Amino acid sequence: MLDRDERKKAMESDGDDHAIWLITTSDLSLLLLACFVLLFSMSSVEKGTFSESISSVQQALGVGEGARIVRLKDENVGSVVDEVLYRRQLVEAQNRLFAEVRLFAQSRGMSDILTGSSEDGKITLNMPAGVLFEPGSDTITAEGRKLLQHMYDLFVRHPDQDINVRGFTDSSPTPSGGRFRDNWDLSSSRAINVLRTLLDMGIAPHRITATGLADMNPLFPNTTEENRARNRRVEFVLEKQLLNPAAQ
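Take 7 as the starting number for the sequence shown in this note's numbering and just add one per residue.
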């Protein structure tokens, strides 16, 4: 059995535990009361004041502006889709035309003369300058005119194609004191003469342009005579012009 002193200590210990429990309960009650007061205060806020507060927060965080940007993007989704479809249809149409060009070259016996590629809706056809011009000259030969007649027959079938005639030389400088100041002069004159010949044959002027690029963009290193002969060339760049639906 516990003696008198031990019972007294036990009672005092229990009293301390009860005091701690009462303090904790009191704290929780005060917190709950504070929450109810806060909720009641918020329910009493005027609608206009609350809206102004929300607007201030949105402006500070940039939320309102961002929401407007998202809506604009949603409105432009249709235009983006139209643009993608337009580009895909354009590339497919040009690839079909390039396949037709290859068959055309075979039918005219030009497979070894006319080469090219189709990339991202742009068709590039290469023809060696040696089959159109004498070395160092910008005058189109009789054989060259026959070849350009074939090119005209191809181009006239596709009036929706714009044509850029590009003249190229190798890296060898033009003869000093000659007619042409440099390769820029020679390549430009050759491209212009091809353009004029096609115009005389009947190509619409608004469809065709000419560019001289000298020895820029060589197909092969200018290290051998064979490579230099390949780099001396005339290119016909075809691009289909369509009205982009996204621009309507």
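Built from N, CA and C at the ideal position, the CB exists for glycine as well. In this text, all values refer to a predicted model and were calculated from it rather than measured experimentally.
Exercise. Pick helix, strand or coil for Ile214, following the three-state DSSP scheme.
Key: If DSSP states are grouped into helix, strand and coil, Ile214 belongs with the strands.
Practice problem: Mark Glu98 as exposed unless 16 or more other C-beta atoms lie within 10 angstroms of its C-beta, in which case mark it buried. | Solution: By the 10 Å Cβ count, Glu98 comes out exposed.
Self-check item: Same chain, Cβ closer than 7 Å to Val137, neighbours up to 5 away in sequence not counted
Solution: Ile119, Glu149, Gly150, Leu153
Self-check item: Residue(s) in a DSSP beta bridge with Leu131
Solution: BP columns for Leu131 point to Gly122, Phe242.
Self-check item: Buried versus exposed call for Gln167 [16 or more other C-beta atoms within 10 Å across all chains shown]
Solution: That one is buried.
Quiz item: Are Leu192 and Thr175 closer than 8 Å when you measure CB to CB?
Solution: yes
Quiz item: What are the boundary residues of the beta strand (DSSP E) that Asp168 is part of?
Solution: 167-174
Practice problem: Pull up the CB-CB distance for Ala197 and Ala220, whole angstroms please, since I reckon it's below 8 Å. | Solution: Going by Cβ atoms, the distance from Ala197 to Ala220 rounds to 11 Å, so no, they are not a contact pair.
Quiz prompt | Within 8 Å, strictly: CB atoms of Asn3 and Ser124 | solution = For the chain, the structure presents residues 7 to 254; residue 3 sits outside this window and is missing.
Practice problem: Return yes when the Cβ of Pro165 is within less than 8 Å of the Cβ of Arg238, no when it is not. | Solution: no
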